[in-house]
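Working notes for the structure below.
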Amino acid sequence: MQTTQAIGPARCQHSGCTVALKIYMLDQVPENTLHMLAREIQIHASLVHPHIAALYGAFQDGKYLVMVQEWAARGDLHAIHRARGRPLGEEQLARVVLAPFLSALAYLHSRGICHRDIKPENILFTSDWELKLAAPEVSRCPIKTSAFQNKERLDLAYTYAADVWSSGILAYELLLGFPPFAEGGISAAAAAAAAGVAGRGPGADPDADDAAAAALPDHVLRLVLPPPLPRTLSAGARDFIRSALAADPAERPSAMQLLRHPWMLGLAGATARGEGAASQASAAVAAAGASQT
Numbered sequence: 001m002q003t004t005q006a007i008g009p010a011r012c013q014h015s016g017c018t019v020a021l022k023i024y025m026l027d028q029v030p031e032n033t034l035h036m037l038a039r040e041i042q043i044h045a046s047l048v049h050p051h052i053a054a055l056y057g058a059f060q061d062g063k064y065l066v067m068v069q070e071w072a073a074r075g076d077l078h079a080i081h082r083a084r085g086r087p088l089g090e091e092q093l094a095r096v097v098l099a100p101f102l103s104a105l106a107y108l109h110s111r112g113i114c115h116r117d118i119k120p121e122n123i124l125f126t127s128d129w130e131l132k133l134a135a136p137e138v139s140r141c142p143i144k145t146s147a148f149q150n151k152e153r154l155d156l157a158y159t160y161a162a163d164v165w166s167s168g169i170l171a172y173e174l175l176l177g178f179p180p181f182a183e184g185g186i187s188a189a190a191a192a193a194a195a196g197v198a199g200r201g202p203g204a205d206p207d208a209d210d211a212a213a214a215a216l217p218d219h220v221l222r223l224v225l226p227p228p229l230p231r232t233l234s235a236g237a238r239d240f241i242r243s244a245l246a247a248d249p250a251e252r253p254s255a256m257q258l259l260r261h262p263w264m265l266g267l268a269g270a271t272a273r274g275e276g277a278a279s280q281a282s283a284a285v286a287a288a289g290a291s292q293t
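Per full-length UniProt numbering, residue 1 is the first one in the sequence shown, and the count goes up by one each step.
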């Protein structure tokens, strides 16, 4: 049962600003999860980062709870990438997508928050091509837990390393034009891992929920073999992706370490260091985005 819907663009009657509305139908939200909804609003309102979509406010209107959010006029990366019809170049990926995205992800992790749903649909662009990561719809993820320290007891625990793994999937697909695990990306990998097979079965559902699969424990994801990395990618790009997709979560770099990876610093420069990211990214994407206007 659908409990939310997104509406946009909408116009604020007081400020005249264009906004996006996320509407929860409260009569369809289970009572035992209402506290999680309140927590989501509290956490989202506390996030202040140039590359995280802002929450302007929230209010209840009868049976509806409305969250007023920053409007991303250019849409999401999935739609933009499909309309483009070809993979991104390494410099474009590093400067326009990965540098601001990893900056936002590192900020979330520094606040003790796991995103849990990293995918192109949750990476948005404003009218001036500034990247905005959609805020996570999850509660805080403790920095240190017994589950994280003891991999045999991970169960369904989610760690920062899983966000990094999903970031590697994102980079791979945007650079090569197809997911690293055939016919389904994260969901295919996780489904195969759950079955103990490094590959996708012919009867698997290609429309499986990638976000749900990404939330599988790392001891399951470790069963998936690293994807092949073609020589058409630079050595730096291959190392970046390989490190993010390390089978052992303990061997994966942090989001901040990925942001400071030599390949990122070489291509994104000051953007990867967090210096003037917004202006540099918008300048870099202007030509690439011209076809989307």
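Backbone N, C-alpha and C fix where the C-beta goes; we use that ideal spot for every residue, glycine too.
Check	Outcome
Do Ala134 and Ala79 count as a contact pair if the criterion is CB distance below 8 Å?	no
Runs of 4 residues minimum, wholly inside the stretch 84-127: which ones carry the alpha helix (DSSP H) assignment?	99-110
Could you spell out where the beta strand (DSSP E) holding Leu21 opens and where it closes?	Thr18 to Met25
Which of the three DSSP states, helix, strand or coil, is assigned to residue 296?	Residue 296 is absent from the model: the chain starts at 1 and stops at 293.
Is it true that the CB of Leu175 sits closer than 8 Å to the CB of Pro87?	yes
Checking the sheet assignment: what are the DSSP bridge partners for Glu70?	Val19
Quick check: what's the CA-CA separation for Leu37 versus Pro180?	34 Å
By DSSP, does Arg231 sit in helix, in strand, or in coil?	coil
Which value, in whole angstroms, describes the spacing of the CA atoms of Asp27 and Arg111?	32 Å
How far does the beta strand (DSSP E) with Gly57 in it extend, from its first residue to its last?	Leu55 to Asp61
Can you tell me whether Pro249 is helix, strand or coil according to DSSP?	helix
For Ile123 and chain D, any beta-carbon pair shorter than 8 Å?	Within the model displayed, chain D is absent; a lone protein chain is all it includes.
Where do the ends of the alpha helix (DSSP H) carrying Leu176 lie?	Tyr160 to Leu176
Between the C-alpha atoms of Tyr56 and Trp71, what's the straight-line distance to the nearest angstrom?	10 Å
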